[in-house]
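Counting from 45, one number per residue, gives the positions in the sequence shown under our numbering.
C-beta atoms are modelled at their ideal positions from N, C-alpha and C, and glycine is treated no differently.
A quick note: this is a predicted structure, and the numbers were derived from the prediction, not measured.
Accompanying notes for the structure given below.
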Amino acid sequence: GYTNTGISASSDGGDDDIESNSQFLTNGYRYVADEAAIVRNAALVAGRRRSNAVQSCSSLSPTASGGFRGSRSLFNGSPSSQRAKFIGEDERGISLEIGKFVALITVSGIHFRRQHWCILSLILLIIIICVAIGLPISDNGSAPIGFNPPPTEKERLKLVSTILSETPLIDGHNDLPWNIRKFIHNKLNLVNFTDNLRTIAPWKNSDWSHTDLKRLKAGNIGAQFWVAYAPCGSQHKDSVQITLEQIDLIKRFISQYPTYLQFVNDSQALIDAHSEGRIASLISVESGHAIGTSLGVLRMFQRLGAISMTLTHNCNTPWADCSKVDKADGKPEHDGLTSFGKIVISEMNRLGMIIDLSHSSRQTAMDTIAASEAPVIFSHSSAYFLCNSTRNVPDDILKAVARKNGLVMVNFFSYFLTCSNISSIEDVVAHINHIRKVAGIDHVGIGASYDGINSPPTGLEDVSKYIHICFRVYYHLVTGHQRI
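Take a look at the structure:
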């Protein structure tokens, strides 16, 4: 994860109000502290033997200014101590007038008259209320009560944009490379991807198209996993060839737009690309059937730049079960991960490849978490608790991922958010919030699956809207830019 540092923001004109309120509270605390010092010092005298205390206090005589003169000083020398006046003494003890309060100092302690206790309690209550309403920021991002009015949505979006310019937002899954293959057969010269593809056929007529470079920049995306996908129908046929062609496409795409994109395959390169204003671009293989049963193919994918791989897609591999086996009519083929599957996990650990459990069955996920020496991720899955699709992650696995220091990246497909074809940005926030509560704030991310879904949420129609989900998370889920 990445932690933002050094960002501070305040609404224009708010500093004076904050300073004046702070000064009021400071003066109030100083007043109470001074009066408390008077009482404490007086109590020190009263705490001695009664005869000594009475003798000591009797030797004090009022001055013209209302203070005391004598061999023992009861007071701390602050201006407020001049408000104390000696009233007298009797068999009960010594009576002092402190400001508007009358205190009786005895050997056993200090006593205020009942009505004065009420006044003192009321003052303390007022101070507590002032602190309570003047300091915190509400969960919905409004300004503190009594200060400036809440910032406008435009101002809030600007603040979130500033945060994202310093801390890269990483999306775990984008299927644009497959659409390029499907629509123009990987012929990159046919389309200018800096144009708005919503105005260019065949993208403008497709429900599956959400990505171009200008919209990515508008969404303030910092890093993108581009998917080298081979469909399940290619398994045992040409899946290796298709995957190689898609890796080649992604690298050519990145090279063709160097002012927008930069190929990276480690975290430092990602940070460097983002600091230079380019979208850090990583390659992910989908899925494990692309390697068949060959560790050599896996190693070649890694050498060509693939940084992660899903173990399965919507079909079992020869060594792992997919999420479809968890359906009511599903039939596990391997009961999770096979012995060779565990060897694949070990080799991915050795190569430094990220193990992606999206599309894996529950048992495959648990077996992998147990076998892996490194953190694992779900690159584009949501919370099973909120939508019981087998593509989503149950709470017990969320906790296991957290214990492994892994990550669950929320998918924006409506059928994985609400189990229907209708959803909104608030549903995405709900899934983020649930994963945050169960797994922890360090174990939730975003893997929208744009260009691989046809029912995105209202408010998150394409990649230009990433900033809006960050806006919602920042102002309605957590407070503090470190957490975003």
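Spatially closest choice to residue i from the options, by CA coordinates
i: Ala272; options: Glu330, Arg347, Val437 and Val517; result: Glu330
i: Ala414; options: Ile399, Ala317 and Ile466; result: Ile399
i: Asp379; options: Ala409, Leu395 and Glu391; result: Ala409
i: Ile466; options: Lys202, Gln285 and Ile497; result: Ile497
i: Tyr336; options: Leu314, Tyr459 and Pro362; result: Per the sequence shown, the amino acid found at residue 336 is Gly instead of Tyr. If we check each option's Cα against that of Gly336, Pro362 comes out closest.
i: Phe237; options: Asp251, Asn249 and Leu260; result: Leu260
i: Asn360; options: Ser464, His280 and Gly396; result: His280
i: Asn455; options: Pro500, Leu442, Thr354 and Thr412; result: Pro500
i: Ser338; options: Ser328, Phe384 and Gly321; result: Phe384
i: Asp29; options: Thr303, Asn223 and Leu234; result: The structure shown does not extend to residue 29, since the chain is modelled only from 45 to 528, so the question has no answer here.
i: Ser367; options: Met344, Arg394, Ala418 and Ser425; result: Ser425
i: Ser278; options: Val388, Asn249, Asn233 and His333; result: His333
i: Leu395; options: Glu417, Leu257 and His403; result: Glu417
i: Tyr10; options: Asp365, Ser328, Val235 and Trp247; result: As shown, the chain starts at 45 and ends at 528. That puts residue 10 outside it, with no answer to give.
i: Asp310; options: Ile167, Ile327 and Val420; result: Ile327
i: His403; options: Met392, Val308, His357 and Asn233; result: His357
i: Glu210; options: Lys198, Glu320, Ala274 and Gln346; result: Glu320
i: Ala427; options: Tyr459, Leu241 and Lys198; result: Tyr459
i: Met344; options: Met397, Ser299 and Leu381; result: Met397
i: Asn393; options: Val420, Leu381 and Pro275; result: Val420
i: Pro246; options: Tyr519, Arg225 and Gln346; result: Arg225
i: Gln346; options: Leu381, Val308 and Glu199; result: Val308
i: Gly263; options: Leu355, Cys276, Thr206 and Thr354; result: Thr206
i: Lys258; options: Pro275, Thr303, Glu197 and Asn233; result: Thr303
i: Asn233; options: Val204, Ser299 and Thr382; result: Ser299
i: Thr354; options: Lys295, Cys276, Asp316 and Lys481; result: Cys276
Segment limits, alpha helix (DSSP H) that includes residue i
i: Ile497; result: From DSSP, Ile497 is part of no alpha helix (DSSP H); its letter is neither H nor E.
i: Asn436; result: Here Asn436 belongs to no alpha helix (DSSP H), and DSSP marks it neither H nor E.
i: His475; result: Ile469 to Ala483
i: Met392; result: Ser383 to Leu395
i: Thr206; result: Glu197 to Glu210
i: Ser458; result: Ser458 to Leu461
i: Gln346; result: Leu339 to Arg347
i: Ile228; result: Leu220 to Ile228
i: Ala262; result: Leu257 to Ala262
Residue j beta carbon less than 8 Å from that of residue i
i: Asp495; j: Ser325; result: no
i: His217; j: Gly491; result: yes
i: Ile476; j: Val517; result: yes
i: Ile291; j: Gly340; result: no
i: Ile323; j: Ile265; result: yes
i: Thr434; j: Lys375; result: no
i: Ile513; j: Ile469; result: yes
i: Pro537; j: Leu293; result: Only positions 45 to 528 of the chain appear in this structure, which leaves residue 537 out of reach.
i: His318; j: Pro212; result: yes
i: Ala267; j: Leu314; result: yes
i: Ser493; j: Asp219; result: yes
i: Thr412; j: Ile389; result: yes
i: Ala483; j: Lys509; result: no
i: Leu201; j: Phe429; result: no
i: Leu342; j: Glu391; result: yes
i: Gln407; j: Asp365; result: yes
Residue i - containing beta strand (DSSP E), residue span
i: Glu417; result: Here Glu417 belongs to no beta strand (DSSP E), and DSSP marks it neither H nor E.
i: Ala313; result: Taken as a continuous stretch (DSSP letters only), Ala313 belongs to no beta strand (DSSP E), being part of the alpha helix (DSSP H) at Ser311 to Ser319.
i: Gln285; result: Careful: Gln285 lies outside any beta strand (DSSP E), inside the alpha helix (DSSP H) at Ser283 to Gln300.
i: Glu330; result: Ile323 to Glu330
i: Trp270; result: Ile265 to Tyr273
i: Ala350; result: Ala350 to Thr354
i: Asp400; result: Ile398 to Asp400
i: Ile490; result: Val488 to Ile490
i: Phe307; result: Leu305 to Phe307
i: Val452; result: Leu451 to Val454
Rounded distance between the beta-carbons of residue j and residue i, thought under 8 Å
i: Val369; j: Ser405; result: 5 Å
i: Val534; j: Phe422; result: The requested residue 534 is not part of the displayed model; the chain covers only 45 to 528.
i: Phe297; j: Asp215; result: Phe297 to Asp215, Cβ: 16 Å. No contact.
i: Val473; j: Leu461; result: Their Cβ separation, rounded to whole angstroms, is 10 Å, which puts Val473 and Leu461 out of contact at 8 Å.
i: Asp256; j: Asp282; result: So it is not a contact: roughly 29 Å between Cβ atoms.
Residue i CB to nearest heavy atom of the ligand MG below 7 Å
i: Ala364; result: Absence of the ligand MG is noted for the structure shown, with no ligands found whatsoever.
Proximity test, Cβ basis, 8 Å: residue i and chain C
i: Arg480; result: The structure shown contains no chain C; it holds only a single protein chain.
Fill in: the stretch 223-232 touching the stretch 503-512, judged by at least three CB pairs closer than 8 Å
No, the stretch 223-232 does not touch the stretch 503-512.
Worksheet item: Do the stretch 445-460 and the stretch 479-493 make contact, defined as three or more Cβ pairs closer than 8 Å?
Response: Output reads yes: the stretch 479-493 touches the stretch 445-460.
Discussion item. I want to know whether the stretch 350-360 touches the stretch 272-289 - three or more CB-CB distances under 8 Å.
Written reply: A contact exists between the stretch 350-360 and the stretch 272-289.
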